[in-house]
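Chains as they are written, first to last, in my numbering: chain A, 99 to 619; chain B, 14 to 348; chain C, 34 to 322. We put the beta carbon where it would ideally sit given N, CA and C, even for glycine. These notes concern the structure reproduced below.
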Amino acid sequence: MTAGRRGLLWVGLLALVLGAAAGVAGAPRVPNTVLVMGGVISDAVSLDPAQAFEFTSVWAAAQIYDTLVDFNREFNRVVPELAESWTVSPDGRTYTFRLRRGVRFHSGNPVDARAVEFSLQRAMKLNLTPAFILTSFIARPEDVAAVGADTVRVTFKQTMPEILMGSVLANPVSSVVDPALVQRNATPTDPWANQWLSFNDAGSGPYKLRAWSKNVKIEFEAFDGYWRGAPRLRRVFYQEMPEPAAAMLALQRGDIDVATDLLPAQYKQLQGQPGIEVKTSPQFTVNYLAMNVGYEPFGKKEVRNAIKWALDYDALRRIFEDALDPSQTIVPPGMFAHLAERPYRRDVARARALLREAGYERGFRAELIVPVGPPLPDVAAKIKEDLAAVGIEVEVRQLRSADLLGIYRAQRHQLVIQRWGADYPDPDNLARAFASFDARQLAWRNQWDHPVKRTVEQAVAELNRSRREALYHEIQRVVLEEGPYAIYGSPLEQNAMRSNVKGLAASPLFALTDLIDAWKE
Amino acid sequence: MWAYLTRRLLLSSLAIFGVLVITFFLSHVIPGDPIAAILGPQAPDHVIEDLRRRWGLDRPIPEQFVRYLGLLARGDLGRSIATNRPVLDDLREFFPATVELATAAILVGVTLGMAVGIVSAVARGRWVDHLVRFVSLIGLSMPVFWLGLIALLVFYFWAGLLPGPGQLDILISRPPRVTGLILVDSLLAGDGAALRNALAHMVLPALVLGSHTLVGIARITRASMLDVLGQEYIKAARAKGLAERTVILRHALKNALLPIVTVIGIYYGSLLEGAVLTETVFAWPGLGRYATSAILSQDFAAVMGVTLLIALIFSLANLVVDLLYAALNPRIRYE
Amino acid sequence: MSSVAIPVRPRPAGLTARALQNPLSLAGVILIGLLVAAAALAPYLAPADPYQTDVGRRLQPPGPGHLLGTDQLGRDILTRILYGTRISLRIAVLTAVIATGIGAPLGIVSGYFRGRTDDLLMRLTDMFMAFPRLILAMAIAAALKPTLENVVIAIALASWPAYARLSRSVTLGIREEVYIEAARAVGASSLRILARHVFPGVVGPLVIQVSLDMGGIILTAAGLSFIGFGAQPPSPEWGLMIAEGRSYITDAWWLSTFPGLAISLVVLGFNLLGDGIRDVLDPRLRRPR
Numbered sequence: 099m100t101a102g103r104r105g106l107l108w109v110g111l112l113a114l115v116l117g118a119a120a121g122v123a124g125a126p127r128v129p130n131t132v133l134v135m136g137g138v139i140s141d142a143v144s145l146d147p148a149q150a151f152e153f154t155s156v157w158a159a160a161q162i163y164d165t166l167v168d169f170n171r172e173f174n175r176v177v178p179e180l181a182e183s184w185t186v187s188p189d190g191r192t193y194t195f196r197l198r199r200g201v202r203f204h205s206g207n208p209v210d211a212r213a214v215e216f217s218l219q220r221a222m223k224l225n226l227t228p229a230f231i232l233t234s235f236i237a238r239p240e241d242v243a244a245v246g247a248d249t250v251r252v253t254f255k256q257t258m259p260e261i262l263m264g265s266v267l268a269n270p271v272s273s274v275v276d277p278a279l280v281q282r283n284a285t286p287t288d289p290w291a292n293q294w295l296s297f298n299d300a301g302s303g304p305y306k307l308r309a310w311s312k313n314v315k316i317e318f319e320a321f322d323g324y325w326r327g328a329p330r331l332r333r334v335f336y337q338e339m340p341e342p343a344a345a346m347l348a349l350q351r352g353d354i355d356v357a358t359d360l361l362p363a364q365y366k367q368l369q370g371q372p373g374i375e376v377k378t379s380p381q382f383t384v385n386y387l388a389m390n391v392g393y394e395p396f397g398k399k400e401v402r403n404a405i406k407w408a409l410d411y412d413a414l415r416r417i418f419e420d421a422l423d424p425s426q427t428i429v430p431p432g433m434f435a436h437l438a439e440r441p442y443r444r445d446v447a448r449a450r451a452l453l454r455e456a457g458y459e460r461g462f463r464a465e466l467i468v469p470v471g472p473p474l475p476d477v478a479a480k481i482k483e484d485l486a487a488v489g490i491e492v493e494v495r496q497l498r499s500a501d502l503l504g505i506y507r508a509q510r511h512q513l514v515i516q517r518w519g520a521d522y523p524d525p526d527n528l529a530r531a532f533a534s535f536d537a538r539q540l541a542w543r544n545q546w547d548h549p550v551k552r553t554v555e556q557a558v559a560e561l562n563r564s565r566r567e568a569l570y571h572e573i574q575r576v577v578l579e580e581g582p583y584a585i586y587g588s589p590l591e592q593n594a595m596r597s598n599v600k601g602l603a604a605s606p607l608f609a610l611t612d613l614i615d616a617w618k619e
Numbered sequence: 014m015w016a017y018l019t020r021r022l023l024l025s026s027l028a029i030f031g032v033l034v035i036t037f038f039l040s041h042v043i044p045g046d047p048i049a050a051i052l053g054p055q056a057p058d059h060v061i062e063d064l065r066r067r068w069g070l071d072r073p074i075p076e077q078f079v080r081y082l083g084l085l086a087r088g089d090l091g092r093s094i095a096t097n098r099p100v101l102d103d104l105r106e107f108f109p110a111t112v113e114l115a116t117a118a119i120l121v122g123v124t125l126g127m128a129v130g131i132v133s134a135v136a137r138g139r140w141v142d143h144l145v146r147f148v149s150l151i152g153l154s155m156p157v158f159w160l161g162l163i164a165l166l167v168f169y170f171w172a173g174l175l176p177g178p179g180q181l182d183i184l185i186s187r188p189p190r191v192t193g194l195i196l197v198d199s200l201l202a203g204d205g206a207a208l209r210n211a212l213a214h215m216v217l218p219a220l221v222l223g224s225h226t227l228v229g230i231a232r233i234t235r236a237s238m239l240d241v242l243g244q245e246y247i248k249a250a251r252a253k254g255l256a257e258r259t260v261i262l263r264h265a266l267k268n269a270l271l272p273i274v275t276v277i278g279i280y281y282g283s284l285l286e287g288a289v290l291t292e293t294v295f296a297w298p299g300l301g302r303y304a305t306s307a308i309l310s311q312d313f314a315a316v317m318g319v320t321l322l323i324a325l326i327f328s329l330a331n332l333v334v335d336l337l338y339a340a341l342n343p344r345i346r347y348e
Numbered sequence: 034m035s036s037v038a039i040p041v042r043p044r045p046a047g048l049t050a051r052a053l054q055n056p057l058s059l060a061g062v063i064l065i066g067l068l069v070a071a072a073a074l075a076p077y078l079a080p081a082d083p084y085q086t087d088v089g090r091r092l093q094p095p096g097p098g099h100l101l102g103t104d105q106l107g108r109d110i111l112t113r114i115l116y117g118t119r120i121s122l123r124i125a126v127l128t129a130v131i132a133t134g135i136g137a138p139l140g141i142v143s144g145y146f147r148g149r150t151d152d153l154l155m156r157l158t159d160m161f162m163a164f165p166r167l168i169l170a171m172a173i174a175a176a177l178k179p180t181l182e183n184v185v186i187a188i189a190l191a192s193w194p195a196y197a198r199l200s201r202s203v204t205l206g207i208r209e210e211v212y213i214e215a216a217r218a219v220g221a222s223s224l225r226i227l228a229r230h231v232f233p234g235v236v237g238p239l240v241i242q243v244s245l246d247m248g249g250i251i252l253t254a255a256g257l258s259f260i261g262f263g264a265q266p267p268s269p270e271w272g273l274m275i276a277e278g279r280s281y282i283t284d285a286w287w288l289s290t291f292p293g294l295a296i297s298l299v300v301l302g303f304n305l306l307g308d309g310i311r312d313v314l315d316p317r318l319r320r321p322r
């Protein structure tokens with residue numbers, strides 16, 4: 099009894115230590131046919147392509163499902179996927195797609211025109227979060243129609259330049275799902291099997307969904323019957339690692355192959371470390387400081403431009419650990435029609451002169467609202483310092499997104515720090531948001547109603563690529579010279595991976611490029 | 014006894030109802046919009062309006078509360094906006110991981126804590142006592158999240174002795190879900206590899222989370238032992254010439270157990286919610302992380318569900334402790 | 034040890050004197066003294082400005098120029114830690130004041146008047162006791178926007194019930210004392226009795242309990258900051274400094290290590306002192322949390 103009691107304590111201790119040792123002895127390295135990624139996957143709500151709208155779920159859906167068309171790696175050309183080829187009507191509104199033959203779903207069922215029609219109509223009728231990408235351009239579900247066993251016709255509301263067509267139909271919301279599986283799993287309250295599809299796979303893409311345990315991992319398995327051939331990575335895991343410091347340790351130890359959600363400072367440290375590569379890509383996102391034209395001083399173009407001349411763009415870039423492309427226009431670098439002009443730099447004298455011209459030589463006060471979370475509060479502190487140097491006294495208020503967006507949407511802000519990530523890789527998305535008052539997005543929130551909004555409508559309907567580019571250049575110049583935004587760069591997408599991982603890169607629109615092109619050495 | 018129990022249960026239910034009311038209104042008076050927070054800055058206004066209507070967030074707050082109570086009466090905790098699932102399903106999925114971690118932590122805390130406390134009491138006033146207490150106080154003084162990071166750095170990254178974050182190595186597949194507790198499930202499945210791996214993964218988080226319990230238990234054990242060691246019957250036992258070890262472990266410890274047992278329940282309850290920080294550092298898919306993200310995204314139903322669950326457990330733990338105390342200590346009677 | 038009787042009105046001064054005979058408690062007092070001194074003298078002791086960034090000198094290891102190194106924006110870490118003492122001290126003191134400010138009056142009234150009032154107030158206290166504390170603090174901090182002041186409010190609102198309970202039990206003892214009877218007999222009003230006789234008796238135990246809880250309060254505040262519910266950059270709050278420095282944990286260990294040590298030392302100070310006081314009192318007096 100006596101010895102027993104004490105013994106019990108020691109046995110407990112020993113068991114812990116032994117268990118630990120056993121775990122270590124059995125720890126295998128990741129084999130070459132398996133890829134393990136670590137990052138934040140808890141954002142995913144549903145893997146149903148008609149509902150997926152978060153980074154993780156959109157990317158995952160893109161691995162499981164195919165769409166009619168796809169983009170090339172740079173996101174500036176539309177390339178075939180399930181559709182082998184297509185023709186467009188002279189008015190640029192009707193596209194007719196010819197499907198690739200012999201493509202099959204993971205279930206073995208054939209991918210045919212009826213499946214395409216079913217899937218797009220399903221997404222529009224379900225009308226969940228991402229459906230607006232379809233419904234903004236296609237009036238009614240019936241405008242997507244199978245006109246033969248392997249021919250599908252899509253009629254849009256408006257003239258659609260090819261890139262814009264791709265923006266809609268290459269988006270995961272336009273994924274083709276297996277109608278037979280959907281119908282089999284439909285219930286009276288859920289006729290489109292949205293609940294079932296949230297956690298299950300009805301796709302024809304290169305990877306099958308093996309399992310998704312929320313907040314733990316998503317598991318994919320190669321689909322050998324894929325029309326482009328079987329993927330080289332046989333199994334892929336995306337593991338939840340909410341603590342970036344822990345994810346970095348795991349990458350350095352080789353327990354994970356790719357880390358997707360590190361902090362800028364960590365990517366900086368990892369650059370040049372042996373065995374690790376940091377891949378960087380321009381991202382279709384714009385970081386900006388917006389001025390509400392409804393707040394008296396900002397009604398004057400000179401004041402707005404004084405602010406653009408007052409900012410120290412280099413210092414802001416350093417706050418982002420240089421993971422920021424110093425672009426100053428609304429169309430981000432890497433996207434079609436990006437205007438590579440950077441007129442603004444810190445020039446206090448010029449800013450003061452502009453303020454004098456506008457009648458504000460004595461400066462004024464303004465409130466700046468900024469979301470919490472690094473590094474934006476540091477950015478706000480720097481902007482406050484820069485504007486103080488030209489006589490504008492800024493008071494910074496940090497708000498949670500929900501509160502900040504409430505104020506911003508209601509046009510009750512004076513200055514706000516925000517970013518805009520493209521919903522689709524066409525300059526129309528950004529031009530509309532930043533320059534079209536009628537779109538009720540950023541120009542509207544900042545009460546900037548400028549005739550350039552007509553150019554936005556003209557550009558979206560222009561089918562000729564070079565004339566279209568010229569129109570977007572014009573819009574960008576107008577916003578640059580008069581707009582209520584001081585754009586201080588486009589963040590770069592970064593991913594860190596073991597150097598034996600090949601063919602996988604950071605992507606401008608999703609976190610990573612498609613898995614189908616990746617392999618390990 | 015039964016009257017006492019009924020009274021306690023009634024009071025607990027009342028307290029829990031109060032908790033519900035406060036949490037509900039607290040989470041609804043926040044100016045801010047969960048839908049806007051989840052959809053981000055770019056969703057078109059009409060999409061936000063649609064969703065608000067779909068989730069009933071456009072209704073007056075009292076009406077929403079009544080509707081919530083109606084659901085609750087039918088055993089339905091509502092749907093989480095962020096995960097788009099019934100909150101009950103979410104709790105069922107995430108709670109077992111927290112239970113498992115908290116249980117491991119309490120085991121670590123209690124066994125090591127009692128050992129430390131006994132050593133300290135026996136060596137009272139000598140340098141061993143001071144050293145043991147000093148070291149355990151240092152443990153109590155370190156922020157858990159920092160301790161966790163350092164533990165990962167040392168034992169996982171530098172020494173490679175223990176596995177990294179998560180419940181299992183990624184390549185080890187999870188045994189079929191029966192109880193939701195990984196250790197139990199792998200035992201049921203007879204999966205030795207998963208069991209060993211899960212145990213190894215549990216060492217660091219359990220030690221880190223259990224560190225504060227360890228110190229608490231050590232203190233109580235020490236005090237309680239000192240108390241008992243001063244009693245007459247111990248002196249008598251010594252006088253009888255019994256070996257010191259027998260005196261301490263058989264006579265003293267047995268009688269010193271009472272206060273220790275009674276605090277374990279309370280510690281356990283607080284571990285269940287105290288796991289928030291540990292779970293973040295060790296990528297543990299538990300309730301703490303679920304609660305954190307629910308609060309951040311103003312996911313009402315989820316916040317309510319977690320609060321309700323924890324409040325229930327707290328009340329229950331308190332009740333059990335009081336009953337246990339009565340059972341162990343015949344001098345106390347409840348009228 | 035067990036021969037020490039539980040005094041109904043322990044005099045903190047006498048207790049502290051006795052506690053100080055223990056070398057560990059003495060060490061605790063010295064640590065707390067250093068904290069207070071650092072907070073008071075931060076502007077004179079600190080070699081730099083806690084907010085002044087200098088990107089050219091970022092991530093410098095500890096050395097002659099910067100004793101504890103510099104952080105990711107080139108700020109001197111020693112300076113930030115010194116200024117951080119003010120934040121931690123303010124959080125601890127304000128939280129204690131607010132929590133006892135709510136708890137003590139409720140407890141005193143409850144214990145003095147007994148009956149209905151007591152029942153009602155104690156049910157309220159029970160309700161708050163049933164609340165998951167950290168979750169309540171997180172919810173309040175989220176509701177009130179993440180600032181330091183709101184962290185204080187959140188922790189205080191989550192921790193007052195313990196003080197209410199304590200005040201009540203002490204009051205229950207005091208109200209039976211002879212001098213209270215005497216005061217009542219000469220016609221003193223309840224308010225007067227509460228203020229002149231009961232309250233001073235409650236102060237002692239409260240001060241002791243608060244000193245025991247200080248370490249926990251500081252840790253909770255740091256934890257809230259770590260997960261984003263507390264202090265926001267560029268504040269030199271220690272929990273936040275650890276959070277910001279954790280990205281550099283393998284390459285620039287000093288960023289999160291020194292603030293971590295600072296928290297640990299301060300909390301250790303409070304814990305050592307608290308432990309000493311506990312030792313002097315009866316061991317059975319306390320319950321966890």
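At a beta-carbon threshold of 7 Å, the residues of chain A lying near residue 105 of chain C are 363, ordered along the chain.
Residues of chain A whose Cβ lies closer than 8 Å to the Cβ of residue 261 of chain C are, in chain order, 470, 471. When the beta-carbon positions are compared, residue 133 of chain C and residue 196 of chain C come within less than 7 Å of each other.
Under the DSSP assignment, residue 210 of chain B falls in the alpha helix (DSSP H) whose first and last residues are 205 to 242. The Cβ of residue 165 of chain B sits closer than 7 Å to at least one Cβ of chain A. Residue 426 of chain A and residue 231 of chain A do not touch by the CB rule: their CB atoms are close to 28 Å apart, not below 8 Å.
For the pair residue 303 of chain A and residue 187 of chain A, the Cα-to-Cα distance works out to about 29 Å.
Collapsing the DSSP output to three states places residue 585 of chain A in a strand.
Among the CB atoms of chain C, one or more fall inside 7 Å of the CB of residue 155 of chain B. Per DSSP, residue 116 of chain C is one residue of the alpha helix (DSSP H) stretching across 110 to 146. When CB distances to chain B are screened at a threshold of 9 Å, the residues of the region 153 to 178 of chain C falling below it are 156, 157, 159, 160, 161, 162, 163, 164, 165, 166, 167, 168, 169, 171, 172, 173, 174, 175, 176, 177, in chain order. One alpha carbon belongs to residue 232 of chain B, the other to residue 126 of chain B, and they sit about 8 Å apart.
Ranked by Cα distance from residue 41 of chain B, the options B/316, B/337, B/340, B/220 are led by B/316. As DSSP reads the structure, residue 513 of chain A sits in a beta bridge with A/389, A/466.
Residue contact with chain B for residue 223 of chain C: absent (no Cβ-Cβ distance below 7 Å to any residue of chain B). If you draw a straight line from the Cα of residue 261 of chain B to the Cα of residue 342 of chain A, it comes to about 48 Å. Unbroken beta strand (DSSP E) runs of no fewer than 3 residues, entirely contained in the region 227 to 261 of chain A, are found at 242 to 246, 249 to 253, following chain order. If one requires a minimum length of 3 residues, the beta strand (DSSP E) runs lying completely within the region 500 to 572 of chain A are 513 to 519, in chain order. If you check the CB distance, residue 450 of chain A and residue 492 of chain A do not come in under 7 Å.
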